[in-house]
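In the numbering used here, the protein residues as written are 284 to 561.
See below:
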């Protein structure tokens, strides 16, 4: 029979110690924050570039994404990780070492060296901080997912965001690409004129080939990134199928959703993502 340790055992009076209550609150806040990040990560595009692209300036997209979106995500992740560490200390339980920590330390050294030698140091710092923060998210999750229900919640959030992305891919192939191409043809001369690019420039041909490829990107800027996200969400759906309780209805529903997400990878035109799913 499993018994709680003396440090985690509730006293006979039925009142939890203040430290245990504080650790529980910190854990819940951190877990909720990480769930929000996981759910939004595939629904919002990110960039490491500080300036607007030529296309964004041409269409007057003053609200185009900047590194501020990535910074916001990263700050929330670091705050959540700090809460998790504080909760572990308050509760008196041991830290769950994942093995990622050693690789993270090596990447910190590599990031410092690459940032010093990079020609665009601002861009290198933005990218390095984001990559390192992604590993911090994994480490924090490893210390939060000690309950089955939390594992199920994380998988459900990943599957839900994946299904939303798959729906977006379907709408892009269904009508968005056609409407965008028609609008582009109507304003083609003006569109490139604002950027100071002649219609005979190779950039125009490359841009049009990209549009005519009809590779769904979902909410992300690139189809290969979208394919990887759908692959992750699909396998999360398969895992959720085995954890979806004892009713066959729930298992069948999760299995169908996983199949839909994995099938939608084809819309991205990413052969790598398709092969990874197989």
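Glycine included, every Cβ here is placed at the ideal spot set by N, Cα and C.
query: Alpha-carbon spacing of residue 313 relative to residue 499, whole angstroms; result: 33 Å
query: Secondary structure of residue 345, DSSP reduced to three states; result: For residue 345, the predicted structure reports a pLDDT of 47, less than 50, and the residue's modelled location is therefore unreliable. A value from the coordinates is still provided. In this structure, residue 345 counts as coil in the three-state DSSP scheme.
query: For residue 540, the first and last residue of its enclosing alpha helix (DSSP H); result: 531-546
query: Residue 331 beta carbon less than 8 Å from that of residue 406; result: yes
query: Rounded C-alpha distance that separates residue 460 from residue 503; result: 15 Å
query: Three-state secondary structure (DSSP) of residue 499; result: coil
query: Inter-residue spacing [alpha-carbon to alpha-carbon] between residue 345 and residue 462; result: No answer about residue 345 holds up, because its pLDDT of 47 lies below 50 and its placement is not dependable.
query: Cβ separation of residue 306 and residue 370, assumed to be a contact under 8 Å, to the nearest whole Å; result: 4 Å
query: Simplified DSSP state of residue 523, which is helix, strand or coil; result: helix
query: Three CB pairs or more closer than 8 Å across the region 478-492 and the region 432-452; result: no
query: Whether residue 353 touches residue 409 by CB criterion (8 Å); result: yes
query: Exposure label - residue 357; buried when at least 16 CB within 10 Å; result: buried
query: Option in 513, 319 and 301 with minimal Cα separation from residue 355; result: 319
query: CA-to-CA distance, residue 302 to residue 419, given in whole angstroms; result: 25 Å
query: Closest Cα partner of residue 424 within the set 321, 515, 523 and 481; result: 321
query: Terminal residues of the alpha helix (DSSP H) in which residue 313 lies; result: 301-324
query: Element boundaries [alpha helix (DSSP H), containing residue 418]; result: 404-425
query: Selected residue, minimal CA-CA separation from residue 415, among 383, 430 and 536; result: 383
query: Residue range of the alpha helix (DSSP H) that includes residue 450; result: 431-454
query: Pairwise C-alpha distance: residue 300 and residue 398; result: 46 Å
query: Close beta carbons around residue 326, own chain, < 8 Å, minus the five adjacent residues each side; result: 444, 447, 448 and 502
query: Residue 252 - DSSP class collapsed to helix/strand/coil; result: Here the chain comprises residues numbered 284 to 561, so residue 252 is not present and cannot be evaluated.
query: Per-residue burial, residue 451 [other beta carbons within 10 Å of its own, 16 or more giving buried]; result: buried
query: Limits of the alpha helix (DSSP H) - the one that residue 367 falls within; result: 350-374
query: Presumed contact (8 Å Cβ cut-off) between residue 533 and residue 527, rounded CB distance; result: 4 Å
query: Alpha carbon of residue 505 to alpha carbon of residue 328, nearest angstrom; result: 9 Å
query: Burial state of residue 551 (16 or more Cβ within 10 Å); result: buried
query: Residue burial classification, residue 475 (beta-carbon count within 10 angstroms, cutoff 16); result: buried
query: Cβ-Cβ distance between residue 426 and residue 379 below 8 Å; result: yes
query: Residue 549 to residue 435 span [Cα, whole Å]; result: 27 Å
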